[in-house]
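The numbers in our numbering rise by one with no breaks, and the one at position 33 of the sequence shown is 33.
Structure record follows, encoded as structure tokens.
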Amino acid sequence: MKRILIDYKKLDHKVAAKLIDSYPDGYGDDDMITIKKPNGEVIEAVEVKTADTIYMVKISKSLSSFMANFEETIEKELDKELVASEFEADSFEGIVSPSEEIEDDDQY
């Protein structure tokens, strides 16, 4: 099984959702793992397990805010994708732009 040390900002949506599911009430001292890097830097992380990988998600001040607002953020992103898909280029077929209407009026 792979172990990956990662910042929460780089998590894909599935792993981020798993993080939220793993710690629905937030994380506490018992959930934190301390990692000491070879250069002496100490990093605190929480663990998120998938079928083939253990993600060690670095704890930062903004992680708790991210976790608290995750559902709202995902909903906004999905809404943006839905609106964008409704306005694909082929959906404008047959619509006349204002400049084309002016040109047509000049021909009469």
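Note that CB positions come from ideal geometry on N, CA and C, so glycine has one too.
Bear in mind that the values here come from a model prediction, so they are computed numbers and not experimental data.
Whole-angstrom distance between Glu-72 and Tyr-23, CA atom to CA atom: In this model, Tyr-23 and Glu-72 are separated by some 17 angstroms (Cα to Cα).
Integer-rounded CB distance, given that Leu-5 should sit under 8 angstroms from Ala-51: Not really, about 19 angstroms apart at Cβ, beyond 8 angstroms.
Cα-Cα separation, His-26 to Met-32: The displayed chain sequence assigns Gly, not His, to residue 26. Straight-line measurement puts the Cα of Met-32 at about 11 angstroms from the Cα of Gly-26.
Rounded separation between Lys-37 and Arg-3 - CA only: In this structure, the CA atom of Lys-37 is about 14 angstroms from the CA atom of Arg-3.
Limits of the beta strand (DSSP E) - the one that Ala-45 falls within: Segment 42 to 49, the beta strand (DSSP E) holding Ala-45.
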